[in-house]
Amino acid sequence: MSASKEQPARPRTPATLARAHALADCGDWIAAEAEYRALAQAAGAGAALLYNWGIALREAGRLEDAIAAFEQAASRDPAYARAFHGLSLSYRDLGARDAALMAIELAIDADPACDDFRFERAEQLIDAGRWRDALPALAAIGPEAPGHAIARNLMGMALRQGGREAEALDAFSAAVRHAPAFAAPLQNRANLHLRARRFTLAVDDFDAVLRLTPHAPWLAGLRLYAAMHVYDWRDFDARCDALLTQVARGEAVAQPLVVQNLTDDPALQQAAARTWARHASPRAATPPMRPGFPAGRKIRIAYVSRDFHAHPVAFLLAETLELHDREVFDVALINHGEAKDDPMQQRLRAAADAFLDVGGWSDERVAALCRELSIDIAVDLTGHTEGGRVA
2 MSASKEQPAR PRTPATLARA HALADCGDWI AAEAEYRALA QAAGAGAALL YNWGIALREA
62 GRLEDAIAAF EQAASRDPAY ARAFHGLSLS YRDLGARDAA LMAIELAIDA DPACDDFRFE
122 RAEQLIDAGR WRDALPALAA IGPEAPGHAI ARNLMGMALR QGGREAEALD AFSAAVRHAP
182 AFAAPLQNRA NLHLRARRFT LAVDDFDAVL RLTPHAPWLA GLRLYAAMHV YDWRDFDARC
242 DALLTQVARG EAVAQPLVVQ NLTDDPALQQ AAARTWARHA SPRAATPPMR PGFPAGRKIR
302 IAYVSRDFHA HPVAFLLAET LELHDREVFD VALINHGEAK DDPMQQRLRA AADAFLDVGG
362 WSDERVAALC RELSIDIAVD LTGHTEGGRV A
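In this text, residue positions in the sequence shown follow this note's numbering: the first is 2, and each later residue adds one.
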């Protein structure tokens, strides 16, 4: 995967800046930020110093301040590509996908030879559902390139998102062959095996990932879940008890739907859901509040899902939509899945006042559409299931 953490630049420095670098190397980002800030506020601070300040601010969780520092660095030297990279990562952390993508494009313009920037761009396109746009640049990175395994892994992610699972499996396997100690494609291949119900192969790959990264998020739960399907009960009770103890502590060890298969304790299920939501969803930028509900007009409801086709969610929803009192409610369906136009999707279209396809749109763009339509109530129907966009 591409680097999601920037490292401070290392220009020749006086003792004070060396101290700031040492604090950053130790992970004391609050103290490092104070040192960088004191230097950055001095007259004539260069782009590298402002960039380092931005890194410390981002690592300290002060994303808006980090964005301001990276913008200063880019303004000081528009050719300093790392400033745009840091800006992109900060916007991505904030949930501002469109701004993040624009910033990484500027980083690539400033340094076209940097593969890390291209990998970051591909990840962001995949996150936004724009898998087709991610493929050409990745396909151009040949087996002789240092980043070939990263490129093949990202290609697999894009192809999987597009439903081309056989090609995705080939891409992940190519990445594993090229870099056997690279955990990401192994994990992605394990997830693909799990999805295809190839449980024995999934267990083998999960075990390989856990040998490389024993504390990788969510892996222990997925491994246990896959093992259950091949009746592997060795040490099951001990593994399950240990896993649920970690879930109760809020550790990222098992996804909510996995925990539902392990316990009927509602407190543990809620703890798993809270932990997943905290880790899986970036902190969204707070949109401006619109005026209060205007008197005398219908209540506008938007149902948001990727499953408005022949799918259990759609079968459960269809009659409910048809029974809405249309004198009271306007109903919009916001579809971030495929526009399949099967009989069920046609039925849903007929039951709604508006059917809007937003596949590939960023979260901000969908939120802006809801504000433009004056939606009063938005109902997320996907939740923690595949393709969910909980934010």
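Glycine included, every Cβ here is placed at the ideal spot set by N, Cα and C.
Use the C-beta contact count for residue i: other C-beta atoms within 10 angstroms, 16 or more gives buried, fewer gives exposed.
i, result
"Trp234", "exposed"
"Gly62", "exposed"
"Ile109", "buried"
"Arg224", "buried"
"Val259", "buried"
"Cys27", "exposed"
"Ala82", "buried"
"Phe316", "exposed"
"Pro137", "exposed"
"Glu320", "exposed"
"Pro313", "exposed"
"Ile378", "exposed"
"Val1", "There is simply no residue 1 to check, as the chain begins at 2 and stops at 392 in what is shown."
"Ala175", "buried"
"Ser3", "Confidence at Ser3 is low in this model, with a pLDDT of 49, below 50, so the placement of that residue should be treated as unreliable; the coordinate-derived value is given next. With 16 or more Cβ atoms within 10 Å of its Cβ, Ser3 is classed as buried."
"Glu36", "buried"
"Glu124", "buried"
"Ala221", "buried"
"Arg198", "exposed"
"Gln347", "exposed"
If you drop the 5 nearest sequence neighbours on each side, which residues of the same chain put their C-beta closer than 7 Å to that of residue i?
i, result
"Ile416", "Past the boundaries of the shown model lies residue 416; the chain is included only from 2 to 392, so the question cannot be answered."
"Arg38", "Trp54"
"Ala253", "Pro218, Trp219, Thr276 and His280"
"Leu245", "Leu263, Thr264 and Leu269"
"Asp206", "Leu187, Arg190, Ala191 and His194"
"Arg77", "Gly47, Ala48 and Leu51"
"Ala272", "Val248, Ala249 and Gly251"
Assuming the contact rule is C-beta atoms closer than 8 Å, residue i and residue j should be a hit. Round their C-beta distance to whole Å, please.
i, j, result
"Arg59", "Ser91", "5 Å"
"Asp331", "Arg301", "5 Å"
"Ala191", "Val210", "6 Å"
"Ala352", "Glu323", "5 Å"
"Gly96", "Asp116", "26 Å between Cβ atoms; not a contact."
"Ile376", "Ala303", "5 Å"
"Arg98", "Ala129", "5 Å"
"Ala19", "Ala25", "Actually they are not in contact, since the Cβ atoms of Ala19 and Ala25 sit about 11 Å apart, beyond 8 Å."
Which residues in the same chain have their Cβ closer than 8 Å to the Cβ of residue i, if we skip the five residues on either side of it in sequence?
i, result
"Ile127", "Ala135, Leu155, Met158, Ala159 and Gln162"
"Gly361", "Ala129, Gly130 and Arg131"
In chain order, what residues of the same chain lie with their CB nearer than 6 Å to the CB of residue i, ignoring the 5 residues before and after it?
i, result
"Val231", "Phe200 and Thr201"
"Phe356", "Leu334 and Arg350"
"Cys241", "Leu263"
"Glu387", "none"
At least one CB of chain C closer than 9 Å to the CB of residue i: is that the case?
i, result
"Ala191", "Looking for chain C here will not work: only one protein chain is present."
Entirely enclosed alpha helix (DSSP H) segments - the stretch 254 to 283, minimum 4 residues: Taking 4 residues as the shortest admissible run, the stretch 254 to 283 contains the following complete alpha helix (DSSP H) segments, listed from N- to C-terminal end: 257 to 261 and 267 to 281.
Enumerate, from N- to C-terminal direction, the unbroken beta strand (DSSP E) stretches of 3 or more residues contained entirely within the stretch 314 to 345. Fully enclosed beta strand (DSSP E) runs of no fewer than 3 residues occupy 330 to 336 of the stretch 314 to 345, in order along the chain.
Completely contained beta strand (DSSP E) runs for the stretch 51 to 131, where each covers 3 or more residues: Runs found: none.
Is the stretch 72 to 91 touching the stretch 335 to 344, taking contact as three or more C-beta pairs under 8 Å? No, the stretch 72 to 91 is not in contact with the stretch 335 to 344.
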